[in-house]
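Undergrad:
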Amino acid sequence: MKVDVAIIGAGPAGLTAAVEIARNGLSAAVIDEYYRPGGRLLGQYYEDPYAPADQRTWDGKKEADQLEEKARSLGVHIFMNVTVWAVSGKWRVDMAGGDLPAITSNVLLLATGSVEKALPVPGWTLPGVISVGAAQTFTNLHHVAVGKKVMMAGIDPLSLSVMIELKNAGVHVAGMALPPMSSVTGKNKTPLQTVERLQDVAGLAPNLLVRKLGKFALKRFPKLTASGLRFNLLKVNNVPIHLRKAIVKIEGEKNVEAVTLQSVSVDGKPAGKTESVEVDTVCLSNGLYPLIDLAQTAGCRLVDMPELGGTVPLHGPDMTTKVSGLFVAGNITGIEGAKVAMAQGRLAAASILQSLGKQAAITVDEAMTEVTNAREKAPLRFLPDIEEGRIKMNKIWEAESAHG
Amino acid sequence: MSNTLRLNSSSNKLETIEFYFNDKKLNGYKGEPIAASLLANGIKTIRTCEITGENRGIFCGIGHCYECRAEVDGIPNVRTCLTPARQGAKVFSQASGIKGDMEDES
Chain F
173 MKVDVAIIGA
183 GPAGLTAAVE
193 IARNGLSAAV
203 IDEYYRPGGR
213 LLGQYYEDPY
223 APADQRTWDG
233 KKEADQLEEK
243 ARSLGVHIFM
253 NVTVWAVSGK
263 WRVDMAGGDL
273 PAITSNVLLL
283 ATGSVEKALP
293 VPGWTLPGVI
303 SVGAAQTFTN
313 LHHVAVGKKV
323 MMAGIDPLSL
333 SVMIELKNAG
343 VHVAGMALPP
353 MSSVTGKNKT
363 PLQTVERLQD
373 VAGLAPNLLV
383 RKLGKFALKR
393 FPKLTASGLR
403 FNLLKVNNVP
413 IHLRKAIVKI
423 EGEKNVEAVT
433 LQSVSVDGKP
443 AGKTESVEVD
453 TVCLSNGLYP
463 LIDLAQTAGC
473 RLVDMPELGG
483 TVPLHGPDMT
493 TKVSGLFVAG
503 NITGIEGAKV
513 AMAQGRLAAA
523 SILQSLGKQA
533 AITVDEAMTE
543 VTNAREKAPL
553 RFLPDIEEGR
563 IKMNKIWEAE
573 SAHG
Chain L
552 MSNTLRLNSS
562 SNKLETIEFY
572 FNDKKLNGYK
582 GEPIAASLLA
592 NGIKTIRTCE
602 ITGENRGIFC
612 GIGHCYECRA
622 EVDGIPNVRT
632 CLTPARQGAK
642 VFSQASGIKG
652 DMEDES
């Protein structure tokens, strides 16, 4: 099959870009290995306090269905349950899983999203230990409880929002604890650092978190707050948040039977005895990193940028790359929410249309402003220094452009 | 359906299918991934580790980790989190026939 634009990833960025491209008269194919379009949208269901009154509830599955319907009605080709294993030439996309011939295109848009970082802890291969993203997908998309009693390890914006979603669905969450305090997994995850990060979640559950701690207290006195939380247990949605306990071991013979927690000091040193909590499920959260393999395959330069969540393709603020005909959008450029990804998808489409000499319904500048607006209104920030990361990336981009 | 881990939802309108896991007949909803049907039936162990023999099950749920792979209708290493079952599908823990301790855990 030959199309104008091949898009890899049927998430919020890829689908939005496909709609915009097809709406402006070009042909597009979207490819994804999941069994239905939507990507991370499919698992999302939460209240967004910053949205207009009639749009407070964010039903990601509904958004995904609407995007898919719009794309299909505009003639976008959607290939699901197929894995892209190679991109080459300009461009040829090879796929496995559907006996499909390769797709060729003039433009390639990578909207491959992100992957969860592993959180190794003794016992983590036992059935019943799942990632926080799996918990979200099984709860909100498949409507299957991940277990009868769940302990979550890793206290961050994503795990807190998923905990609230689990509770809303009627799943019993026994508590949340810190990740293991090893030099690898516990880096930047001490009680003090965790408390400092909680202000980024205040937007998600303002009534729950700010009422308990106060945004002011979180910002100005994190150390005091972390110390105080040793005895004064924080609860969110009636779930104990163990800010001074870290997970050290998951126990069980054939399945998860219990989890061992240990008290830690404000700076993450073991302090005090361990305790065992009986649970049948452990949900691990360690954040996300951009899925960049295909960008590397396509010959795009990569830049290590922890502020954006890891190594990302070198890209401009308009979603272009230094490889001609190669564009990026969504979490491959840095870890942010679905609304930012959708705005980036629209921006990538505007840039693609411009590069092909097509008039777009939205200009590149307008689309760039929309991305900034979406970022400002994001209900939760996954990374604390995302703006700084974006600025740094733009500077590298400009320096590279100046040198030709 | 006797799927004990189903959460309240509008899924009641979905069509029920029958499939087999290690020769045991189970129910699932048409269109949902095999891993979701198995979990709804209380089955957490999908395969055993080829090297250690330890139990393995769902981890990432979106096709990245390959921990939930199984033999589906004769095809080995199918990621059950990405693959909906068809009516009458035959799912086995391992292509090599290793059954391990695959009885229900819940």
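Line by line, the protein sequences are chains F and L.
In short: position in the first sequence from 1, add 172, done, that's this note's numbering.
In short: position in the second sequence from 1, add 551, done, that's this note's numbering.
Note that the Cβ used here is the ideal one computed from N, Cα and C, for glycine as well.
Remember, predicted model here, so these are calculated numbers, not experimental data.
Over what stretch of residues does the beta strand (DSSP E) that includes Glu205 of chain F continue unbroken?
TA: Residue numbering aside, residue 205 of chain F sits at position 33 when the first sequence is read from its first letter. Run containing Glu205 of chain F: none; DSSP gives neither H nor E here.
Undergrad: Report, in whole angstroms, the separation of the C-beta atoms of Leu272 of chain F and Val177 of chain F, which I expect to be a contact under 8 angstroms.
TA: Within the first sequence, residue 272 of chain F is the residue found at index 100, counting from 1. Within the first sequence, residue 177 of chain F is the residue found at index 5, counting from 1. Contact flag wrong, Cβ pair sits at about 17 angstroms.
Undergrad: What residues in the segment 323 to 353 of chain F have a beta carbon less than 8 angstroms from any beta carbon of chain L?
TA: Within the segment 323 to 353 of chain F, the qualifying residues are Ala341, Gly342 and Val343.
Undergrad: Please state whether DSSP places Asp231 of chain F in a helix, a strand or coil.
TA: On the first sequence, position 59 is the one that residue 231 of chain F refers to. Asp231 of chain F falls in the strand class under three-state DSSP.
Undergrad: Of the residues F:Ala190, F:Gly247, F:Leu330 and F:Phe554, which one's Cα is nearest the Cα of Pro478 of chain F?
TA: On the first sequence, position 306 is the one that residue 478 of chain F refers to. It is F:Phe554 whose Cα lies nearest to the Cα of Pro478 of chain F.
Undergrad: What does Glu605 of chain L touch in chain F if you count any residue whose Cβ is under 7 angstroms from its own?
TA: Reading the second sequence from its first residue, position 54 is the one you call residue 605 of chain L. What Glu605 of chain L touches in chain F: Thr297.
Undergrad: Less than 8 angstroms between the CB atoms is what I'm expecting for Val322 of chain F and Val451 of chain F, so what's the real figure, rounded?
TA: Counted from its first residue, the first sequence places residue 322 of chain F at position 150. Counted from its first residue, the first sequence places residue 451 of chain F at position 279. That belief holds up - the Cβ atoms of Val322 of chain F and Val451 of chain F are roughly 6 angstroms apart, short of 8 angstroms.
Undergrad: Is Pro584 of chain L buried or exposed, if buried means 16 or more other CB atoms sit within 10 Å of its CB?
TA: Here residue 584 of chain L refers to the residue found at position 33 of the second sequence. Its Cβ being crowded by 16 or more others within 10 Å, Pro584 of chain L is buried.
Undergrad: Under a three-way DSSP split, which group does Arg637 of chain L fall into?
TA: Position 86 of the second sequence, counted from the start, is the residue given in the question as residue 637 of chain L. Coil at Arg637 of chain L, not helix or strand.
Undergrad: Please list the residues of the segment 577 to 599 of chain L that have a C-beta atom closer than 7 angstroms to any C-beta atom in chain F, keeping them in chain order.
TA: Cβ contacts with chain F: Glu583, Pro584, Ala587, Leu590, Ala591, Lys595 and Thr596.
Undergrad: Is there at least one Cβ from chain F nearer than 8 angstroms to Thr634 of chain L's Cβ?
TA: Your numbering for residue 634 of chain L matches position 83 in the second sequence. Taking Cβ atoms only, chain F reaches closer than 8 angstroms to Thr634 of chain L, which makes this a yes.
Undergrad: Using CA atoms only, rank isn't needed, just tell me which of L:Glu566, L:Phe570 and L:Thr555 is closest to Gly639 of chain L.
TA: What you label residue 639 of chain L is simply residue 88 of the second sequence in a count that begins at 1. Gly639 of chain L has its Cα closest to that of L:Phe570, out of L:Glu566, L:Phe570 and L:Thr555.
Undergrad: Quick one: list the residues of chain L neighbouring Tyr217 of chain F, beta-carbon separation under 7 angstroms, in chain order.
TA: Stepping through the first sequence from its first residue, residue 217 of chain F is reached at position 45. Neighbours of Tyr217 of chain F on chain L: none; closest Cβ ~11 angstroms, over 7 angstroms.
Undergrad: Round the Cβ separation of Ala587 of chain L and Val316 of chain F to the nearest angstrom and send it over; I've been treating them as touching at under 8 angstroms.
TA: Within the second sequence, the letter at position 36 stands for residue 587 of chain L. Within the first sequence, the letter at position 144 stands for residue 316 of chain F. Right, their Cβ atoms sit about 5 angstroms apart.
Undergrad: Give me the DSSP bridge partner(s) of Gln434 of chain F.
TA: As a first step, residue 434 of chain F must be located in the first sequence, where it is residue number 262. In DSSP, Gln434 of chain F forms a bridge with F:Ala418 and F:Thr446.
Undergrad: How do the segment 488 to 502 of chain F and the segment 516 to 531 of chain F stand: do at least 3 beta-carbon pairs fall below 8 angstroms, yes or no?
TA: These segments touch.
Undergrad: Determine the direct distance from the alpha carbon of Ala591 of chain L to that of Arg557 of chain L, and round the result to whole angstroms.
TA: For the purposes of this step, residue 557 of chain L is taken as residue 6 along the second sequence, with counting starting at 1. For the purposes of this step, residue 591 of chain L is taken as residue 40 along the second sequence, with counting starting at 1. Between Arg557 of chain L and Ala591 of chain L, the C-alpha separation is close to 6 angstroms.
Undergrad: Answer yes or no: does any C-beta atom of chain F fall closer than 8 angstroms to that of Arg637 of chain L?
TA: Your numbering for residue 637 of chain L matches position 86 in the second sequence. Cβ-Cβ to chain F under 8 angstroms: no for Arg637 of chain L.
Undergrad: Check distances from the C-beta atoms of the segment 234 to 252 of chain F to those of chain L and list, in chain order, the residues that come in under 9 angstroms.
TA: Residues: none.
Undergrad: Which ranges would you report for the alpha helix (DSSP H) in the segment 569 to 637 of chain L if only whole runs of at least 4 residues count?
TA: If we require 4 residues or more, the alpha helix (DSSP H) runs fully inside the segment 569 to 637 of chain L come out as 585 to 591.
Undergrad: Asn559 of chain L versus chain F: which residues are under 9 angstroms apart at the beta carbon?
TA: Here residue 559 of chain L refers to the residue found at position 8 of the second sequence. Ordered by position in chain F, the residues that pass the 9 angstroms Cβ test against Asn559 of chain L are His315, Ala341 and Gly342.
Undergrad: Between the segment 258 to 272 of chain F and the segment 417 to 431 of chain F, are three or more C-beta pairs nearer than 8 angstroms?
TA: Short answer: they don't touch.
Undergrad: Would you decide whether Ile563 of chain F is buried or exposed? Buried here means 16 or more other CB atoms lie within 10 Å of its CB.
TA: For the purposes of this step, residue 563 of chain F is taken as the residue at position 391 of the first sequence. Burial call: exposed.
Undergrad: Below 7 angstroms on C-beta distance, what does Gly614 of chain L contact in chain F?
TA: On the second sequence, residue 614 of chain L is found 63 positions in, with the first residue counted as 1. Those within 7 angstroms of Gly614 of chain L in chain F are Glu205 and Tyr206.
Undergrad: Tell me whether Gln227 of chain F is buried or exposed, calling it buried when 16 or more other Cβ atoms sit within 10 Å of its Cβ.
TA: As a position in the first sequence, residue 227 of chain F is number 55, starting the count at 1. Exposed.
Undergrad: Shorter than 7 angstroms, the distance from the beta carbon of Pro329 of chain F to the closest heavy atom of the ligand MN, or not?
TA: The model depicted lacks the ligand MN and carries no ligand whatsoever.
Undergrad: At the level of alpha carbons, what is the spacing between Arg547 of chain F and Asn360 of chain F?
TA: In the first sequence, counting from the first residue as 1, residue 547 of chain F sits at position 375. In the first sequence, counting from the first residue as 1, residue 360 of chain F sits at position 188. Cα to Cα, Arg547 of chain F sits roughly 24 angstroms from Asn360 of chain F.
Undergrad: With H, G and I counted as helix, E and B as strand and the rest as coil, what does DSSP make of Trp257 of chain F?
TA: One-based indexing of the first sequence puts residue 257 of chain F at position 85. Residue state, collapsed to three classes: strand.
Undergrad: Do Ile594 of chain L and Thr309 of chain F count as a contact pair if the criterion is CB distance below 8 angstroms?
TA: Taking the first sequence and counting its residues from 1, one reaches residue 309 of chain F at position 137. Taking the second sequence and counting its residues from 1, one reaches residue 594 of chain L at position 43. In this structure, Ile594 of chain L does not lie closer than 8 angstroms to Thr309 of chain F by Cβ.
Undergrad: Counting beta carbon pairs with one atom in the segment 239 to 253 of chain F and one in the segment 409 to 420 of chain F, are three or more of them shorter than 8 angstroms?
TA: As far as the Cβ criterion goes, the segment 409 to 420 of chain F does not touch the segment 239 to 253 of chain F, which means the pair count is below three.
Undergrad: Can you list, in chain order, the stretches of the beta strand (DSSP E) that have 3 or more residues and sit fully within the segment 463 to 529 of chain F?
TA: Taking only runs of at least 3 residues, the beta strand (DSSP E) segments lying wholly in the segment 463 to 529 of chain F are 474 to 477, 482 to 485 and 498 to 500.
Undergrad: Of the residues that make up the segment 494 to 524 of chain F, which ones have a beta carbon closer than 8 angstroms to any beta carbon in chain L?
TA: The residues in question: there are none.
Undergrad: Between Thr366 of chain F and Ile327 of chain F, which are expected to be in contact by the criterion C-beta below 8 angstroms, what is the C-beta distance as a whole number of angstroms?
TA: Your numbering for residue 366 of chain F matches position 194 in the first sequence. Your numbering for residue 327 of chain F matches position 155 in the first sequence. Thr366 of chain F to Ile327 of chain F, Cβ: 5 angstroms. Contact.
Undergrad: Can you pull the DSSP bridge partners for Ile179 of chain F?
TA: What you label residue 179 of chain F is simply residue 7 of the first sequence in a count that begins at 1. Looking at the DSSP assignment, Ile179 of chain F forms a beta bridge with F:Val202 and F:Leu281.
Undergrad: From Gln216 of chain F to Lys320 of chain F, what distance separates their C-alpha atoms?
TA: Numbered from its first residue, the first sequence carries residue 216 of chain F at position 44. Numbered from its first residue, the first sequence carries residue 320 of chain F at position 148. One C-alpha to the other measures close to 21 angstroms.
Undergrad: I want to see whether chain L comes within less than 8 angstroms of Gly186 of chain F, judged by CB atoms only; does it?
TA: Taking the first residue of the first sequence as position 1, residue 186 of chain F is located at position 14. By this cut-off, Gly186 of chain F is not an interface position.
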